[in-house]
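All letters in the sequence shown, in the order written, are residues 16 to 252 by the working numbering. Cβ atoms here follow ideal geometry from the backbone N, Cα and C, with glycine treated the same way. Since the structure is predicted, the reported quantities are computational estimates derived from the model, not experimental observations. One structure below.
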Amino acid sequence: MKLQALIFDLDGTLADTERDGHRVAFNKAFAEAGLAWDWSPALYGELLEVTGGKERIRFFCARHAPEFLRQADPEARIRDLHAAKTRHYVKLCAQGIALRPGVERLLREARGAGLRLAIATTTTPENVSALLAPDLLALFDKVGAGDTVPHKKPAPDVYLWVLAQLGLPAAACLAVEDSANGLKASLAAGMATVITLTDYTREHDFAGALAVLPDLGQVTLPLLRRWHETAYASDKK
Ligand code: XBP
Ligand code: MG
């Protein structure tokens, strides 16, 4: 089956957003709420084990601030903190967070060759439109984001949702991810996956990935087509 669509993770893949974007936004929200929580780059790397901002706050509390979960309606407080964090993150995006090497070129090359593009991310829909300029966002047919699905990565839900929206089988697509959670999700959805490393994910286990790269700077559409053929040729045996 020929390659018909590329499905991109967002955070860490389209742009390196975690350390200087999301982490800073979380800390601004905590300070605004009068909480003496300051997620250092190292602590944030530990917390990235959990995808989803609300889930990550809850994970932090369970490990480092259990008293926060003992107050009345902690889930409402977490939702408020996360809404504030998203406001701060959208403002940070307005200052410009650069796309990773090769991303824009590959997106335009793929669209120019008639491939369909989609995003499968754990972050919120507001953050997708905040990060991507309108002309770039317009290149994507479908965007699966945040709470669109009940279970976030490493569950396959967001990839399965995108495949259903595109009306394509996994075998017609390639996924591009940056993390072990993301790879688990795309593989569980039956999708061959290319990894582009970030500083936070360098040591992750990427067993099962088609390729593990520093970035997309040297990746062309013909190369992706060859990798896709190899990936699914073995399935044909
Ligand atoms: C990365 C995530 C997100 C972001 C924070 O998503 O796990 O939770 O870290 O964004 P992906 P939110 O790699 O799937 O793009 O606070 O909006 O969740
Ligand atoms: Mg990611």
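With distances taken between CA atoms, residue 30 lies nearest to 115 out of 187, 126, 115, 70.
Per the coordinates, the alpha-carbon of residue 124 lies some 11 Å from the alpha-carbon of residue 132. Judged by their CB atoms, residue 145 and residue 104 are nearer to each other than the 9 Å cut-off.
Taking 8 Å as the cut-off, one finds no heavy atom of the ligand XBP near enough to the beta carbon of residue 102. Taking a cut-off of 6 Å from the heavy atoms of the ligand MG, the residues with a C-beta inside it are 24, 26, 27, 28, 193, 194, 197. Using a Cβ distance threshold of 9 Å, residue 156 and residue 20 count as a contacting pair. In the DSSP secondary-structure assignment, residue 76 is not bridged to any residue.
92 is the residue among 130, 119, 92, 244 whose C-alpha sits nearest the C-alpha of residue 45. A straight line joining the alpha-carbon of residue 229 with that of residue 108 spans about 23 Å.
Cβ contact annotation for residue 203 (same chain, cutoff 6 Å, sequence separation greater than five): 171, in chain order. In the DSSP assignment, residue 23 is bridged to 134, 191.
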